[in-house]
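> Residue numbers (this note's numbering): 141 to 338.
(1) In the DSSP assignment, what are the bridge partners of residue 290?
(2) Using the beta-carbon count (16 or more within 10 Å), is residue 166 buried or exposed?
(3) Per DSSP, what are the beta-bridge partners of residue 262 in this structure?
(4) Comparing C-alpha positions only, which one of 232, 286 and 322 sits nearest to residue 307?
(5) May I ask you to report which of helix, strand or coil DSSP gives residue 181?
(6) Taking C-alpha atoms, which residue in 252, 294 and 333 lies nearest to residue 171?
(7) Helix or strand or just coil, what does DSSP make of residue 285?
(8) Ignoring anything shorter than 4 residues or poking outside the region 160–205, list the alpha helix (DSSP H) runs there in chain order.
(9) Do you know whose CA, among 239, 192 and 266, lies nearest residue 164's CA?
(10) Quick check on residue 236: buried or exposed, where buried means 16 or more other Cβ atoms within 10 Å of its Cβ?
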């Protein structure tokens with residue numbers, strides 16, 4: 141009985157250790173959620189930062205939790221043990237990337253936004269397409285907005301506009317979009333306002 145209680149206490153302590161990781165991951169995901177569509181941020185940099193930070197933190201946790209140690213797994217041997225270790229490590233990296241992968245992106249977007257200047261610039265872009273972007277969930281967090289795809293510096297980028305998607309509006313009529321932007325501290329433009337033009 142004493143051994144079982146000790147094991148339970150150890151498991152509780154270990155779970156408490158990793159709760160800050162979940163909290164930090166949630167904060168940075170929220171920063172990215174709020175600032176990504178307001179910033180002309182490189183999508184290749186976004187995905188690169190997401191994957192690289194997820195891999196680094198995932199590998200650190202695999203090492204820290206001794207997931208590669210065969211002694212951590214009971215009643216498994218040979219190929220089954222190797223397959224199970226591979227699956228556990230893969231799911232750890234995948235889960236960590238999903239939870240903590242936006243740490244670098246959140247830092248970049250946050251610092252860029254905090255240090256934005258007051259000088260406004262106007263620039264017009266040709267619209268490639270506008271589609272409806274819907275997400276599930278509760279009414280308060282559910283999204284139903286127009287998603288515009290445009291070409292900027294030879295790269296196609298998509299941004300979700302803050303307005304509600306209207307079925308009465310013919311979005312195919314709009315040929316260009318004008319953005320009013322501020323320069324961020326790290327050089328990424330921050331969208332202050334926009335206008336769809338026919």
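Think of the CB as a built atom: it goes at the ideal place given N, C-alpha and C, for glycine as much as any other residue.
Taking the geometry as given:
(1) Paired residues: 267 and 297.
(2) Flag for residue 166 reads exposed.
(3) Within the DSSP secondary-structure output, residue 262 pairs in a beta bridge with 320.
(4) Residue 286 is the option with its Cα nearest to residue 307.
(5) Secondary structure of residue 181 (DSSP, three-state): coil.
(6) Residue 252 is the option with its Cα nearest to residue 171.
(7) Here residue 285 sits in strand by DSSP.
(8) If we require 4 residues or more, the alpha helix (DSSP H) runs fully inside the region 160–205 come out as 183–204.
(9) If you compare the alpha carbons of 239, 192 and 266 with that of residue 164, the shortest gap goes to 239.
(10) Buried is the call here.
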